[in-house]
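Engineer: So that we are looking at the same thing, I have put the structure below in structure tokens.
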Amino acid sequence: MSAPSLKVWHQIKQTQAQVRDWKQQGLKVGFVPTMGNLHAGHLSLVEQAQQQADKVVVSIFVNPLQFGVGEDFERYPRTLVADEALLAQQGCDLLFAPSVSEMYPSKQAQPMIQVPSSLADKFEGQQRPGHFDGVATVVAKLFNAVQPDVAVFGQKDYQQWCVLSQMVSGLNWPITMIKAPIVRDSDGLALSSRNQYLTATQRRIAPNLFRTLQDLAQDLAEQRGQIQHLLHDSEQKLLQLGFDQVDYIELVDKACLETIKDYRDFSPEQGVLLVAARLGMTRLLDNYEWITN
Ligand code: AMP
Numbered sequence: 163m164s165a166p167s168l169k170v171w172h173q174i175k176q177t178q179a180q181v182r183d184w185k186q187q188g189l190k191v192g193f194v195p196t197m198g199n200l201h202a203g204h205l206s207l208v209e210q211a212q213q214q215a216d217k218v219v220v221s222i223f224v225n226p227l228q229f230g231v232g233e234d235f236e237r238y239p240r241t242l243v244a245d246e247a248l249l250a251q252q253g254c255d256l257l258f259a260p261s262v263s264e265m266y267p268s269k270q271a272q273p274m275i276q277v278p279s280s281l282a283d284k285f286e287g288q289q290r291p292g293h294f295d296g297v298a299t300v301v302a303k304l305f306n307a308v309q310p311d312v313a314v315f316g317q318k319d320y321q322q323w324c325v326l327s328q329m330v331s332g333l334n335w336p337i338t339m340i341k342a343p344i345v346r347d348s349d350g351l352a353l354s355s356r357n358q359y360l361t362a363t364q365r366r367i368a369p370n371l372f373r374t375l376q377d378l379a380q381d382l383a384e385q386r387g388q389i390q391h392l393l394h395d396s397e398q399k400l401l402q403l404g405f406d407q408v409d410y411i412e413l414v415d416k417a418c419l420e421t422i423k424d425y426r427d428f429s430p431e432q433g434v435l436l437v438a439a440r441l442g443m444t445r446l447l448d449n450y451e452w453i454t455n
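Each residue of the sequence shown is one higher than the one before, starting from 163 at the first, in our numbering.
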């Protein structure tokens, strides 16, 4: 028996027709949106989708709308041929790889969704104004192209997960949203397409981000000091370890990403630590959940 073959399509209409055909056969469709340059983290999302659905679609689209001026849109790694091979090997059914003009036919791409500021203007949104409107818009367009029953996103981009799961529930989209755990290198660094921007020295410093989060998580769980002091100490530690800047390191509530300043408002079930720090021009994101739910 020959291995199942990967279809590679670039047009929305083809993709919609294929999914309609699968659904007419009573098959459940899973979806993993990505920007490509696939690594084991992305493939773990595909695996999760395969467990939940009969057919799996992966999209690869570097979305100009979610990049700010001076960010890395132009140099973001585009490795479609290698990505196709990985997806074929993984048994993925369809790769949807649209062009910018297929996704945004009018020359000036505009966000069509405005994410509520209570969620979008903090942390990543504060560092990258308009970022989440761009993410929400592209994911909404991709959902309409693929019409999945199930969609899988990584915990790695925690705020993105919150924005998108709230968008789906807020708009009553009939899509089951799944949050997949972070896949890490053996030294603890969360896998990311942007890790390849790191120099050898920066790459040696990078795993300290997760180590520092783990230590902080333990200190917070054991209430070894005031929350603000422990956060401040961790920030200082990261700078001493060689990070050039800490954009934020915060203890927040999972549901609304409100900062938690007092142990009376903190429970491991509801708390998550978020961090973003820079090594040179490269921003690394990570987070820590005491209890995944
Ligand atoms: P990206 O291609 O960076 O836009 O990521 C596509 C999806 O993969 C998003 O849902 C990310 O959260 C997820 N992802 C990225 N890195 C990881 C990782 N190390 N482990 C698990 N999921 C990841």
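Every residue, glycine too, gets a C-beta built ideally from N, C-alpha and C. Bear in mind the structure is a predicted one, so any value in this text is a computation, not a measurement.
Could you tell me how far apart the beta carbons of residue 359 and residue 241 are, in whole angstroms, since I believe they sit closer than 8 Å?
Structural biologist: Translated into positions along the sequence shown, residue 359 becomes position 197. Translated into positions along the sequence shown, residue 241 becomes position 79. At roughly 14 Å, the Cβ-Cβ gap does not stay under 8 Å, so residue 359 and residue 241 are not in contact.
Engineer: With distances taken from CA atoms, which of 430, 210, 214, 219 is nearest residue 180?
Structural biologist: In the sequence shown, the residue the question calls residue 180 occupies position 18. The shortest Cα separation from residue 180 among 430, 210, 214, 219 belongs to 219.
Engineer: If I measure Cβ to Cβ from residue 447 and keep anything under 6 Å in the same chain, skipping five residues before and after, which residues do I get?
Structural biologist: Working through the sequence shown from its first residue, we reach residue 447 at position 285. Around residue 447: 438.
Engineer: Apart from the five residues just before and just after residue 421, which ones in its own chain have a Cβ nearer than 6 Å to its Cβ?
Structural biologist: Indexing the sequence shown from 1 puts residue 421 at position 259. Closer than 6 Å at Cβ, skipping near neighbours: 412, 414.
Engineer: Between which two residues does the alpha helix (DSSP H) harbouring residue 407 extend?
Structural biologist: Along the sequence shown, read from residue 1 onward, the residue named residue 407 stands at position 245. Not the alpha helix (DSSP H): residue 407 falls in the beta strand (DSSP E), residues 407-415.
Engineer: Name the two residues that bound the continuous beta strand (DSSP E) containing residue 331.
Structural biologist: Position 169 of the sequence shown, counted from the start, is the residue given in the question as residue 331. Per DSSP, residue 331 belongs to no beta strand (DSSP E); it is in the alpha helix (DSSP H), 320-332.
Engineer: Under three-state DSSP, which class holds residue 335?
Structural biologist: Walking along the sequence shown from the start, residue 335 turns up at place 173. Coil at residue 335, not helix or strand.
Engineer: For residue 274, count neighbouring Cβ atoms within 10 angstroms of its own Cβ and tell me buried if that reaches 16, exposed if not.
Structural biologist: For the purposes of this step, residue 274 is identified with residue 112 of the sequence shown, where counting begins at 1. Residue 274 comes out exposed.
Engineer: When DSSP builds the beta bridges, which residues end up paired with residue 266?
Structural biologist: For the purposes of this step, residue 266 is taken as residue 104 along the sequence shown, with counting starting at 1. Residue 266 is not bridged to any residue.
Engineer: Between the alpha carbons of residue 164 and residue 417, how many angstroms are there, rounded?
Structural biologist: What you label residue 164 is simply residue 2 of the sequence shown in a count that begins at 1. What you label residue 417 is simply residue 255 of the sequence shown in a count that begins at 1. Low local confidence applies: a pLDDT of 49 at residue 164 is under 50, so the model's placement there is unreliable, and no value is given.
Engineer: Whose CB is closer than 6 Å to a heavy atom of the ligand AMP? List the residues in chain order.
Structural biologist: Spelled out in chain order, the answer is 196, 197, 203, 204, 206, 207, 315, 316, 318, 319, 342, 344, 345, 352, 353, 354, 355.
Engineer: Going by DSSP, which residues form a beta bridge with residue 367?
Structural biologist: Numbered from 1 along the sequence shown, position 205 holds the residue referred to as residue 367. For residue 367, which the question treats as bridged, DSSP gives no partner whatsoever.
Engineer: Can residue 224 and residue 265 be called in contact, C-beta distance under 8 Å?
Structural biologist: Position 62 of the sequence shown holds residue 224. Position 103 of the sequence shown holds residue 265. Not closer than 8 Å, so no.
Engineer: So, for residue 189: in the same chain, excluding its five sequence neighbours on each side, which residues have a beta-carbon less than 6 Å away from its beta-carbon?
Structural biologist: Here the question's residue 189 lines up with position 27 in the sequence shown. Closer than 6 Å at the Cβ level, and outside the excluded window around residue 189, lie 216, 217.
Engineer: Helix, strand or coil, according to DSSP, for residue 174 in the structure here?
Structural biologist: One-based indexing of the sequence shown puts residue 174 at position 12. Residue 174 falls in the helix class under three-state DSSP.
Engineer: Quick check on the burial criterion: 16 or more other C-beta atoms within 10 angstroms. Buried or exposed for residue 303?
Structural biologist: Start at 1 with the first residue of the sequence shown, and residue 303 comes out as number 141. By the 10 Å Cβ count, residue 303 comes out buried.
Engineer: What do you get for residue 456, buried or exposed, if any count of 16 or more other CB atoms within 10 angstroms of its CB means buried?
Structural biologist: Since the displayed the chain opens at 163 and closes at 455, residue 456 lies outside it and no answer follows.
Engineer: Under 8 Å between the Cβ atoms of residue 317 and residue 344?
Structural biologist: The count along the sequence shown starts at 1 and reaches residue 317 at position 155. The count along the sequence shown starts at 1 and reaches residue 344 at position 182. Going by C-beta atoms, residue 317 is nearer than 8 Å to residue 344.
Engineer: Please say whether residue 400 and residue 374 have beta carbons closer to each other than 8 Å?
Structural biologist: Translated into positions along the sequence shown, residue 374 becomes position 212. Translated into positions along the sequence shown, residue 400 becomes position 238. Yes. Within cutoff.
Engineer: If you compare alpha carbons, which of 276, 288, 351 is closest to residue 332?
Structural biologist: The residue you call residue 332 lines up with position 170 of the sequence shown. Closest by alpha carbon: 276.
Engineer: Taking the CB atoms as reference points, tell me whether residue 222 and residue 168 lie closer together than 8 Å.
Structural biologist: Taking the sequence shown and counting its residues from 1, one reaches residue 222 at position 60. Taking the sequence shown and counting its residues from 1, one reaches residue 168 at position 6. No; because the gap between Cβ atoms is not below 8 Å, this pair is not in contact.
Engineer: Tell me the rounded alpha-carbon separation between residue 450 and residue 380.
Structural biologist: Mapped onto the sequence shown, residue 450 falls at position 288. Mapped onto the sequence shown, residue 380 falls at position 218. Distance between the alpha carbons of residue 450 and residue 380 is about 11 Å.
Engineer: Assuming residue 300 and residue 228 form a contact by the criterion Cβ under 8 Å, report the distance between their Cβ atoms to the nearest whole angstrom.
Structural biologist: In the sequence shown, counting from the first residue as 1, residue 300 sits at position 138. In the sequence shown, counting from the first residue as 1, residue 228 sits at position 66. Sure, about 7 Å apart at Cβ, within 8 Å.
Engineer: How far does the beta strand (DSSP E) with residue 315 in it extend, from its first residue to its last?
Structural biologist: For the purposes of this step, residue 315 is identified with residue 153 of the sequence shown, where counting begins at 1. 312-316 is the extent of the beta strand (DSSP E) around residue 315.
Engineer: Compare the beta carbon distance of residue 461 and residue 346 with 8 Å and say whether it is the shorter of the two.
Structural biologist: In the structure displayed, the chain extends from 163 to 455; residue 461 sits before or after that span and is not available.
Engineer: Report the three-state DSSP secondary structure of residue 196 (helix, strand or coil).
Structural biologist: Start at 1 with the first residue of the sequence shown, and residue 196 comes out as number 34. Correct three-state label for residue 196: strand.
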